[in-house]
Amino acid sequence: SQQGEEDPQALSIQEGENATMNCSYKTSINNLQWYRQNSGRGLVHLILIRSNEREKHSGRLRVTLDTSKKSSSLLITASRAADTASYFCATDAASSYKLIFGSGTRLLVRP
Amino acid sequence: DGGITQSPKYLFRKEGQNVTLSCEQNLNHDAMYWYRQDPGQGLRLIYYSQIVNDFQKGDIAEGYSVSREKKESFPLTVTSAQKNPTAFYLCASSAGTGDEKLFFGSGTQLSVL
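Chains as they are written, first to last, in this note's numbering: chain A, 172 to 282; chain B, 886 to 998.
Printed below as a string of structure tokens:
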């Protein structure tokens, strides 16, 4: 079963523009994480935001969490061609340590 | 270098054959996981293990088996009962306290001949 669902499924932007991806989930969570996957590779952890946090920054990444709407967003500022990848949100249900991944947003940054 | 090693990178299975995917970690992590990824899709949990000699079924365990005899190793066997095994398989580990990020291997692409 999918806990998180990303929106949009695909996003194409010009280098230098900002990219925003959204994630919605269904049940209460302990934390929400964002991961990046280059084609044919494993996932790499980007950022974790806990259920009692509303916003978190890491370099060019900004993540927000709205637990009342059960949603999160990932903003990548000043995008680069090297940011081209798929981005996944992952949530753990409050009663479980298992991480459930969404279907991902495929980001293409055009040079 | 610390990390997770998956092998082989590519694997082909014949009809009726069992195949085993290897996953080894030297991060001293307690928890290990196996995920399946189909093209253009997210990850689905097959099995996970929070400690040596213990493991639990995930959402799509049918047709798969695992063992956790050593802390650093968590092999996945795709049995002949798995009728649609073609997928990208990802192994991951975490410290296991329930609030930790996952570290992933580079994956194994399994195809049916």
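Note that beta-carbon positions come from the ideal geometry of N, C-alpha and C, so glycine has one too.
Sequence-ordered contacts of the segment 946-979 of chain B with chain A read Leu975 [C-beta pairs closer than 7 angstroms].
In the three-state reduction of the DSSP assignment, Asp254 (chain A) falls in the helix class, which pools H, G and I. Interface with chain B (8 angstroms Cβ-Cβ cutoff): Gly230 (chain A) is excluded. For a Cβ distance threshold of 7 angstroms, residue set Ser274 of chain A lies close to Gln926 (chain B), ordered along the chain. Rounded to whole angstroms, Val280 (chain A) and Glu226 (chain A) show a C-alpha spacing of 24 angstroms. A Cβ of chain B is located within less than 8 angstroms of the beta carbon of Leu270 (chain A). Straight through space, the alpha carbons of Glu957 (chain B) and Glu909 (chain B) are spaced by roughly 5 angstroms.
With fewer than 16 other CB atoms across the displayed protein chains lying within 10 angstroms of its CB, Tyr895 (chain B) is exposed. For the pair Cys976 (chain B) and Tyr918 (chain B), the CB atoms are nearer than the 8 angstroms cut-off. DSSP, reduced to helix, strand and coil, places Thr235 (chain A) within a strand of the structure shown. At the C-beta level, Ile247 (chain A) and Ala190 (chain A) come within 8 angstroms of one another. Contact of Phe897 (chain B) with chain A is not assigned, every C-beta pair being separated by 8 angstroms or more.
Just so you know, the alpha carbons of Gln902 (chain B) and Gly213 (chain A) end up roughly 26 angstroms apart. Pairing Asn193 (chain A) with Ser242 (chain A) gives a Cβ-Cβ distance under 8 angstroms.
Across the structure, Phe259 (chain A) and Lys899 (chain B) are spaced so that their CA atoms are roughly 32 angstroms apart.
For Gly901 (chain B), not one C-beta of chain A is nearer than 8 angstroms to its own C-beta.
Residues of the segment 188-215 of chain A with a C-beta atom less than 9 angstroms from some C-beta of chain B are Asn201, Asn202, Gln204, Tyr206, Gln208, Gly211, Arg212, Gly213, Leu214 and Val215, listed in chain order. Using a Cβ-Cβ cut-off of 8 angstroms, Phe989 (chain B) counts as an interface residue toward chain A, since at least one Cβ of chain A sits closer than that to its own. Under the 8 angstroms criterion on CB atoms, Leu219 (chain A) is classed as interfacial with respect to chain B.
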